[in-house]
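Residue numbering for the sequence shown follows numbering that gives the first Met the number 0, beginning at 0 and increasing consecutively. Before any comments, here is the structure.
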Amino acid sequence: MTLAKADTATKVAEDYYDSDDADRFYATVWGGEDIHIGLYQDPGEDVKTASRRTVEYMAGKLKPLGPEHRVIDLGAGYGGAARYLAKTFGCKVVCLNVSETQNRLNRELTAKAGLDSLVTVMHGSFEDIPFPAESFDVVWSQDAFLHSGNRQKVVTEAARVLKPGGRLIFTDPMQADTAPKDALQPILDRIHLSSMGSVGFYSRELQTAGFETANFLAMTDQLKTHYSRIAEELAKSRKLLAGKVAEDYVERMLTGLANWVKGAESGHLAWGVLQARKAATSHA
Ligand SMILES: C[S@@+](CC[C@H](N)C(=O)[O-])C[C@H]1O[C@@H](n2cnc3c(N)ncnc32)[C@H](O)[C@@H]1O
Numbered sequence: 000m001t002l003a004k005a006d007t008a009t010k011v012a013e014d015y016y017d018s019d020d021a022d023r024f025y026a027t028v029w030g031g032e033d034i035h036i037g038l039y040q041d042p043g044e045d046v047k048t049a050s051r052r053t054v055e056y057m058a059g060k061l062k063p064l065g066p067e068h069r070v071i072d073l074g075a076g077y078g079g080a081a082r083y084l085a086k087t088f089g090c091k092v093v094c095l096n097v098s099e100t101q102n103r104l105n106r107e108l109t110a111k112a113g114l115d116s117l118v119t120v121m122h123g124s125f126e127d128i129p130f131p132a133e134s135f136d137v138v139w140s141q142d143a144f145l146h147s148g149n150r151q152k153v154v155t156e157a158a159r160v161l162k163p164g165g166r167l168i169f170t171d172p173m174q175a176d177t178a179p180k181d182a183l184q185p186i187l188d189r190i191h192l193s194s195m196g197s198v199g200f201y202s203r204e205l206q207t208a209g210f211e212t213a214n215f216l217a218m219t220d221q222l223k224t225h226y227s228r229i230a231e232e233l234a235k236s237r238k239l240l241a242g243k244v245a246e247d248y249v250e251r252m253l254t255g256l257a258n259w260v261k262g263a264e265s266g267h268l269a270w271g272v273l274q275a276r277k278a279a280t281s282h283a
């Protein structure tokens, strides 16, 4: 049986994030429970602090948010954002993630934090969200749609599960709308994908899917700083990781990080916070 492009991409992401190498790398070098691009106040800042700031910044955009609201985090990683949202606002959060390795740690951390009555961790794909229409007030996602082989479906699914007037907020490492395709090939090859999203792509798809407002806060410099910082930290932790993360994984990661930094420097990449609101009247 041949898998469709979207299924293949999901399987690639699942196998990658389930692997011991990736699990140990992300849990130690990247940012612990937050494995996304950070917001740096200075370029030498600690990765964890900057990564948590992204969550705080995005959460600030969602106020007012309270115990009456339901949030779904698409591609939730180890659940750092979900726990932050639940703890800060008392809202209920579903973590949807295709990596069961990450889900296991997410459940442990959530139980340890005493948040299991508010945070639910589920295995599943954001290309086929296992919830009925109009289930959530907020759809949240950080640096995960990149892994999709069908981002149009992801946007349609986000619109479907949002209540009328519900909000979508996400970040995604994207290509600049003007980027020549060849320039991104080394990045695409490493993540085994044929394309990346772009602001133009998301704006069009959001509108088609029934979102009435959308805006993008561009912060591509943060992508550059973040990948540079991760490369520095990885180089520093090499000894510590010996025997835990394969040498060739570390080598490939360092090459991949350098590609991201180069892509950002040449203006071919984009990153920032995208926000959209679903039309208040449902036409479903
Ligand atoms: C870079 S990590 C970001 C994790 C988390 N959002 C964070 O910021 O800490 C990307 C995440 O997307 C998840 N992912 C990739 N493809 C997915 C899919 N089709 N459905 C659900 N999750 C997916 C991965 O398992 C991983 O947890």
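Backbone N, C-alpha and C fix where the C-beta goes; we use that ideal spot for every residue, glycine too.
Check whether the Cβ atoms of residue 236 and residue 27 lie closer than 8 Å to each other.
Counting from one through the sequence shown, the residue named residue 236 turns up at place 237. Counting from one through the sequence shown, the residue named residue 27 turns up at place 28. Yes, the Cβ-Cβ distance between residue 236 and residue 27 is below 8 Å.
Return yes when the C-beta of residue 79 is under 7 Å from any heavy atom of ligand 1, and no when it is not.
Counting from one through the sequence shown, the residue named residue 79 turns up at place 80. Yes - ligand 1 has a heavy atom lying nearer than 7 Å to the Cβ of residue 79.
Under the criterion of a Cβ to heavy atom distance below 7 Å, does residue 273 qualify as lining ligand 1?
By one-based count along the sequence shown, residue 273 stands at place 274. Checking the Cβ of residue 273 against ligand 1 gives no.
Opposite residue 91 in the DSSP bridges: which residues?
Along the sequence shown, one-based indexing puts residue 91 at 92. Partner(s): 69.
Restricting to Cα atoms, I'd like to know which of 176, 17, 89 is closest to residue 101.
By 1-based counting over the sequence shown, the position of residue 101 is 102. Ranking 176, 17, 89 by Cα distance to residue 101 puts 17 first.
Compare the C-alpha of residue 124 against each of 254, 11, 272, 111 and name the closest.
Taking the first residue of the sequence shown as position 1, residue 124 is located at position 125. Checked all of 254, 11, 272, 111; the closest Cα to residue 124 is 11.
Below 8 Å between beta carbons: does that hold for residue 34 and residue 221?
Reading the sequence shown from its first residue, position 35 is the one you call residue 34. Reading the sequence shown from its first residue, position 222 is the one you call residue 221. Cβ distance not < 8 Å, so residue 34 and residue 221 don't count as in contact.
Just to confirm my understanding: we take residue 224, look at its own chain, exclude 5 residues before and 5 after, and list those with CB closer than 7 Å. What are they?
Numbered from its first residue, the sequence shown carries residue 224 at position 225. Around residue 224: 39, 42.
Relative to ligand 1, is the shortest distance from any of its heavy atoms to the C-beta of residue 61 smaller than 7 Å?
By one-based count along the sequence shown, residue 61 stands at place 62. Checking the Cβ of residue 61 against ligand 1 gives no.
In three-state DSSP terms, what is residue 34?
Taking the sequence shown and counting its residues from 1, the one referred to as residue 34 is at position 35. Three-state result, residue 34: coil.
Between 89, 279, 186, which lies nearest to residue 255 when the distance is taken from Cα to Cα?
Counting from 1 along the sequence shown, the entry for residue 255 is found at position 256. Of 89, 279, 186, the residue nearest in Cα terms is 186.
Residues in its own chain within less than 6 Å of residue 52 by CB, not counting five upstream and five downstream?
Position 53 of the sequence shown, counted from the start, is the residue given in the question as residue 52. Counting only Cβ-Cβ distances below 6 Å, and skipping sequence neighbours, we find 38.
Based on the DSSP output, what are the partners of residue 168 in its beta bridges?
Residue numbering aside, residue 168 sits at position 169 when the sequence shown is read from its first letter. DSSP, once it has assigned bridges, lists 139, 274 as partnering residue 168.
Pull up the distance between the alpha-carbon of residue 65 and that of residue 264, whole angstroms please.
Position 66 of the sequence shown holds residue 65. Position 265 of the sequence shown holds residue 264. So the two alpha carbons sit approximately 40 Å from each other.
Using the three-state DSSP reduction, which class does residue 174 fall into: helix, strand or coil?
Indexing the sequence shown from 1 puts residue 174 at position 175. Under the three-state reduction of DSSP output, residue 174 falls in the strand class.
Have a look at residue 94 and residue 75 and give me their C-alpha separation to the nearest angstrom.
Looking up residue 94 in the sequence shown gives position 95. Looking up residue 75 in the sequence shown gives position 76. Going by the C-alpha atoms only, they are around 5 Å apart.
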